[in-house]
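Asker:
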Amino acid sequence: MSVKLNSRQVGDVSVVDVAGRITLGEGSSALRDLMRDMVGKGQKKILLNLGEVSYIDSSGIGELVSGFTTVTNSGGQLKLLNLNKRVKDLLQITKLYTVFDVHEDEAGAIRSFT
Amino acid sequence: MERFLDSTLESVDSAEELAVGAAQRAGFDEDDLMKIGMAVRESMVNAVVHGNRYSAHKRVRFSVAHNANRFTIRIADEGDGFDFTALPDPLAPENLMQTSGRGIFLIRSFMDEVEIRHIDPRGTEVTLVKYMVSK
Chain X
1 MSVKLNSRQV GDVSVVDVAG RITLGEGSSA LRDLMRDMVG KGQKKILLNL
51 GEVSYIDSSG IGELVSGFTT VTNSGGQLKL LNLNKRVKDL LQITKLYTVF
101 DVHEDEAGAI RSFT
Chain P
115 MERFLDSTLE SVDSAEELAV GAAQRAGFDE DDLMKIGMAV RESMVNAVVH
165 GNRYSAHKRV RFSVAHNANR FTIRIADEGD GFDFTALPDP LAPENLMQTS
215 GRGIFLIRSF MDEVEIRHID PRGTEVTLVK YMVSK
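Chains as they are written, first to last, in this note's numbering: chain X, 1 to 114; chain P, 115 to 249.
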């Protein structure tokens, strides 16, 4: 299965439920397009729920970094929710775990946006 | 097992599938299967995208073999090659927020041995080794 993206609004936070594989090609470009679209529409608070992500490669990691930079540069915040062990390990190996604001509970993540 | 694969992203998936299947039959656990699969994926992406540049005239030679001690995968492209001794460190603070440049670092993190060499007349061959452990 390639990536499946579903966005929903919780208050003023845009939550994106990501499922499947974020890998070079369709998976990473779909995520990139969605984040650029959201920033283009002025959405400043974005929470990526990665709970159903089965696989992410270096290209997918690059897209998370790119999204973080795009959102931050536009004055917004991008946070991550529900990392499984695989994704968490990858972010730790690449020293990106502390760059992102990572949450395990959606309500808490929503409240953390300022 | 040896295959000559087209320079496409579909070949990346095929190679990963072949390698993980062979590793599974060789007795590796889930964690190692993930690491082997990812190292193969990253190496294949390098071969297809950066080496052969998706050329329909260039193939990727992919092989898997194992003995009692070592599970070995070789991936060779027909590209112009690159200076793999001068790769930037993706963990350096100035590179941390780069959107690319983590592939070979991840490959080295996940495998026990990694060798990258130029091959004649042209191309780059990556050899990935995971040690067999008795279960």
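In this text, a Cβ means the ideal position worked out from N, Cα and C, and glycines have one as well.
Just verifying my parser: in three-state terms, what is the DSSP assignment at Ser169 of chain P?
Answerer: The residue you call residue 169 of chain P lines up with position 55 of the second sequence. In this structure, Ser169 of chain P counts as coil in the three-state DSSP scheme.
Asker: Tell me which residues share the same chain as Phe118 of chain P and place their Cβ nearer than 8 angstroms to its Cβ, disregarding the 5 neighbours each side in the sequence.
Answerer: As a position in the second sequence, residue 118 of chain P is number 4, starting the count at 1. Arg173, Val174, Arg175 and Phe176, listed in sequence order.
Asker: Going by DSSP, what residue range makes up the beta strand (DSSP E) through Ile46 of chain X?
Answerer: Reading the first sequence from its first residue, position 46 is the one you call residue 46 of chain X. The continuous beta strand (DSSP E) containing Ile46 of chain X extends over residues Lys45 to Ile56.
Asker: Nearest by alpha-carbon distance to Asp146 of chain P: which of P:Asn166, P:His232 and P:Ala133 is it?
Answerer: For the purposes of this step, residue 146 of chain P is taken as residue 32 along the second sequence, with counting starting at 1. Cα-wise, what sits closest to Asp146 of chain P is P:Ala133.
Asker: Straight-line CA distance for Phe219 of chain P to Val18 of chain X?
Answerer: Taking the second sequence and counting its residues from 1, the one referred to as residue 219 of chain P is at position 105. Taking the first sequence and counting its residues from 1, the one referred to as residue 18 of chain X is at position 18. Between Phe219 of chain P and Val18 of chain X, the C-alpha separation is close to 25 angstroms.
Asker: Would you list the residues sitting across from Val174 of chain P in a DSSP beta bridge?
Answerer: As a working note, residue 174 of chain P is residue 60 in the second sequence. Paired residues: P:Leu119.
Asker: Report buried or exposed for Phe198 of chain P, applying the criterion of at least 16 other Cβ atoms within 10 angstroms of its Cβ.
Answerer: Looking up residue 198 of chain P in the second sequence gives position 84. Result: exposed.
Asker: Does DSSP put Phe185 of chain P in a helix, a strand or coil?
Answerer: Within the second sequence, the letter at position 71 stands for residue 185 of chain P. Here Phe185 of chain P sits in strand by DSSP.
Asker: List, in order along the chain, the chain X residues whose C-beta lies closer than 9 angstroms to that of Gly217 of chain P?
Answerer: By one-based count along the second sequence, residue 217 of chain P stands at place 103. Correct list: Asp57, Ser58 and Ser59.
Asker: Can you tell me which of the three DSSP states Asn6 of chain X falls into?
Answerer: Along the first sequence, one-based indexing puts residue 6 of chain X at 6. It is a strand residue.
Asker: Would you mind telling me which residues of chain X sit closer than 8 angstroms to Arg155 of chain P, beta carbon to beta carbon, in chain order?
Answerer: Counting from 1 along the second sequence, the entry for residue 155 of chain P is found at position 41. Within chain X, the residues near Arg155 of chain P are Thr23 and Asp57.
Asker: Return the residue from the list X:Val16, X:Gly75 and X:Leu64 that minimises the CA-CA distance to Ser214 of chain P.
Answerer: One-based indexing of the second sequence puts residue 214 of chain P at position 100. Here the closest residue by C-alpha is X:Leu64.
Asker: Please list the partners that Met152 of chain P has in chain X, where partner means a Cβ-to-Cβ separation under 7 angstroms.
Answerer: By 1-based counting over the second sequence, the position of residue 152 of chain P is 38. Result: Asp57.
Asker: Under 9 angstroms between C-beta atoms, does Pro204 of chain P make it to chain X?
Answerer: Position 90 of the second sequence, counted from the first residue, corresponds to residue 204 of chain P. By this cut-off, Pro204 of chain P is an interface position.
Asker: Using DSSP with H/G/I as helix, E/B as strand and the rest coil, what is Asp37 of chain X?
Answerer: As a working mapping, residue 37 of chain X is identified with position 37 in the first sequence. Residue state, collapsed to three classes: helix.
Asker: What does the Cβ neighbour count give for Lys149 of chain P, buried or exposed, with the cut at 16 atoms within 10 Å?
Answerer: Within the second sequence, numbered from 1, the residue matching residue 149 of chain P stands at position 35. Label assigned to Lys149 of chain P: buried.
Asker: Grouping DSSP H, G and I as helix and E and B as strand, with all else coil, what is Arg21 of chain X?
Answerer: Here residue 21 of chain X corresponds to residue number 21 of the first sequence, with the count starting at 1. Looking at Arg21 of chain X - three-state DSSP - the assignment turns out to be strand.
Asker: Between which residues of its own chain and Leu90 of chain X is the CB-CB distance below 7 angstroms, once the five residues before and five after are set aside?
Answerer: Residue 90 of chain X sits at position 90 when you count from the first residue of the first sequence. Contacts found: Ile56 and Ile61.
Asker: In chain P, what lies closer than 7 angstroms to Thr69 of chain X by C-beta?
Answerer: For this step, residue 69 of chain X is matched to residue 69 along the first sequence. Correct list: Met211.
Asker: For Ile93 of chain X and chain P, any beta-carbon pair shorter than 9 angstroms?
Answerer: In the first sequence, counting from the first residue as 1, residue 93 of chain X sits at position 93. For Ile93 of chain X, the answer is yes, since a Cβ of chain P falls inside 9 angstroms of its Cβ.
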